[in-house]
Structure formats: C-alpha cells, structure tokens
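Below is one structure; the comments refer to it alone.
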Amino acid sequence: MLGRLVAWLRIFDYDTLSALELQIEEDEDRRLVDIALQDGRVLLTRDRGLVERAKKAGAIAILISPDKVTDQLCELIKHVPINTQPVMERCTVCNAGLRRATAEDIRRTKHYVPEHLVEEGKEFWICERCGKIYWMGSHWRNIMKTSSEIDVCRK
Numbered sequence: 001m002l003g004r005l006v007a008w009l010r011i012f013d014y015d016t017l018s019a020l021e022l023q024i025e026e027d028e029d030r031r032l033v034d035i036a037l038q039d040g041r042v043l044l045t046r047d048r049g050l051v052e053r054a055k056k057a058g059a060i061a062i063l064i065s066p067d068k069v070t071d072q073l074c075e076l077i078k079h080v081p082i083n084t085q086p087v088m089e090r091c092t093v094c095n096a097g098l099r100r101a102t103a104e105d106i107r108r109t110k111h112y113v114p115e116h117l118v119e120e121g122k123e124f125w126i127c128e129r130c131g132k133i134y135w136m137g138s139h140w141r142n143i144m145k146t147s148s149e150i151d152v153c154r155k
C-alpha cells in the first residue's frame with residue numbers, strides 16, 4: 001500500500017485517490033486503469049503487473065518499489081518533476097480542500113484542538129468535507145524538514 005505516499009502528495013497539494021478510498025469491489029486493476037485514463041491521472045503502484053496493464057491501455061503508470069515514504073517520493077521524482085513544497089490546501093485524510101477555520105469552526109469541531117493554541121491565536125485550517133483541523137505546529141516543522149530532505153533527490 002502507498003497510503004503514506006498519498007498523504008504526502010496531498011501535503012504538496014496533489015489531487016490523489018487511493019484504491020482503499022475508492023473501495024472497488026470487482027476487477028480493481030481494470031477500474032484503476034480506467035480512472036487513470038478518464039481523469040488523466042498518473043497511476044502509482046507497487047504492482048508490476050498493474051503497471052504493464054496500465055501502459056498497454058495508454059495510461060501513465062509508475063512502479064514505486066521502496067518501503068520508506070521519503071524513498072518513494074525520491075523514486076517518483078525520478079519520473080515526474082513534482083513540487084515538494086508543503087502547503088495547507090488539501091486534507092491528507094480525504095483529499096478535499098482546506099479553508100481557514102473560524103473561531104466557530106474550532107468550537108464546533110469534533111477533532112481535538114489544544115486549547116492553548118486557540119488562546120495563542122494560532123491560525124487553523126479546516127477540511128471542507130471531513131472537518132479535520134490543521135495548524136502549523138511541530139508536525140509542520142517536521143514536514144518542512146522532510147521536504148528539504150526530499151529536495152536532495154533532484155540533484
């Protein structure tokens with residue numbers, strides 16, 4: 001599975017779908033190839049057979065072999081010149097857009113938001129679909145650090 005890669009691509013504001021989210025019940029490979037062709041998507045997979053099937057159908061498909069997500073991103077960069085600058089634009093959970101959260105959004109959310117961050121006047125973003133709340137805390141600093149490490153792959 002490439003779930004962590006999906007999340008990172010969303011951090012970089014790429015519109016992504018995952019096979020798990022699509023919940024395809026029959027002939028998953030065929031359906032994934034069809035979606036890639038219809039939507040003009042790049043198919044990322046660990047399945048060598050799926051890559052071959054996709055290419056035969058005229059879809060763009062990339063085999064992602066590494067286990068570690070930073071190595072997966074480096075592998076992807078070898079094939080596609082992706083932007084690796086993190087932005088608060090897309091939910092890592094459901095792929096929907098984010099918008100700046102209002103004080104009312106924060107009060108109504110079912111997701112945990114540390115009270116001290118609210119009191120400090122931190123800026124928050126909320127997912128327009130699932131309601132997940134985001135802010136630039138220590139996790140964001142780690143994202144920025146990882147982004148810098150990935151940039152080394154370009155050289």
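Read in the UniProt record's numbering, the sequence shown has 148 at position 148, and its numbers run on one by one without any break. We put the beta carbon where it would ideally sit given N, CA and C, even for glycine.
Could you check what DSSP says for residue i in three-state terms: helix, strand or coil?
| i | result |
| --- | --- |
| residue 82 | coil |
| residue 2 | coil |
| residue 162 | The structure shown does not extend to residue 162, since the chain is modelled only from 1 through 155, so no value can be given for it. |
| residue 41 | coil |
| residue 127 | strand |
| residue 77 | helix |
Please look up how many angstroms separate the CB atoms of residue i and residue j, rounded, as I've assumed it's under 8 Å.
| i | j | result |
| --- | --- | --- |
| residue 80 | residue 42 | 6 Å |
| residue 90 | residue 10 | 5 Å |
Can you have a look at residue i and say buried or exposed, based on whether 16 or more other CB atoms are within 10 angstroms of its CB?
| i | result |
| --- | --- |
| residue 107 | exposed |
| residue 127 | buried |
| residue 85 | exposed |
If you draw a straight line from the alpha carbon of residue i to that of residue j, how long is it in whole angstroms?
| i | j | result |
| --- | --- | --- |
| residue 29 | residue 63 | 14 Å |
| residue 99 | residue 113 | 16 Å |
| residue 59 | residue 149 | 30 Å |
For residue i, collect the residues of the same chain with a Cβ closer than 6 Å to its Cβ; drop the 5 residues on either side in sequence, then sort them by chain order.
| i | result |
| --- | --- |
| residue 6 | 16 and 18 |
What does a CB cutoff of less than 7 Å around residue i pick up in its chain, not counting 5 residues either side in sequence?
| i | result |
| --- | --- |
| residue 54 | 33, 36, 43 and 61 |
Is the shortest distance between the beta-carbon of residue i and the beta-carbons of chain B less than 8 Å?
| i | result |
| --- | --- |
| residue 87 | Going by chain labels, chain B is absent from the structure shown, which holds only one protein chain. |
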